[in-house]
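Student: The sequence shown: position 112 = 585 (the numbering used here), numbered continuously. Just so you know, even glycine gets a beta-carbon here, dropped at the ideal spot from N, CA and C. In this text, all values refer to a predicted model and were calculated from it rather than measured experimentally.
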Amino acid sequence: MKYVLVLLLAMVAMLDSVSAQKVFSVDAAYQADVKIFVVDAAYQADLLVFKVDAAYQAEKNEGLWFFVDAAYQADKKVFFVENAYQADLLIYFVDAKYQAKWEEAAKKHLMY
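(1) Note down the Cα distance separating residue 537 from residue 553, rounded to an integer number of angstroms.
(2) Taking residue 518 and residue 576 to be in contact with their CB atoms under 8 Å, please state how far apart those CB atoms are, rounded to whole angstroms.
(3) Kindly indicate which residue of 566, 513, 560 and 534 has the alpha-carbon position closest to the one of residue 585.
(4) Can you give me the Cβ contacts of residue 561 inside the same chain, cut-off strictly under 8 Å, excluding the 5 residues immediately before and after it?
(5) On the criterion of 16 or more Cβ atoms from any shown chain inside 10 Å, does residue 546 qualify as buried, or is it exposed?
(6) If we call anything under 7 Å between Cβ atoms a contact, is residue 573 one with residue 523?
Here is the structure:
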């Protein structure tokens, strides 16, 4: 019983740590896990993103992103496309941390 409990706790911890919020911007679409387009207004976005200052602040899949310096440090590699129709995910950068959230829950899996 104790073994099962430890195993369950370990699985929950692993799932929490897979929340891909450390991102790296790649140079080509084929290198990306997710193609992103930045929209002009919050109502057009699937995800409202706030850029945090440190990696430890980008914990859960809630739109708090930290841009890393190298691809190997990233949980997800993203490519910013020129047109909305090319994108997997539409984002809007917000000015405050509390504003970051998913508007389109059906696309949440893209950042896991």
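Tutor: On the basis of the data shown:
(1) 17 Å
(2) 6 Å
(3) 534
(4) 507, 508, 509, 580 and 583
(5) exposed
(6) yes
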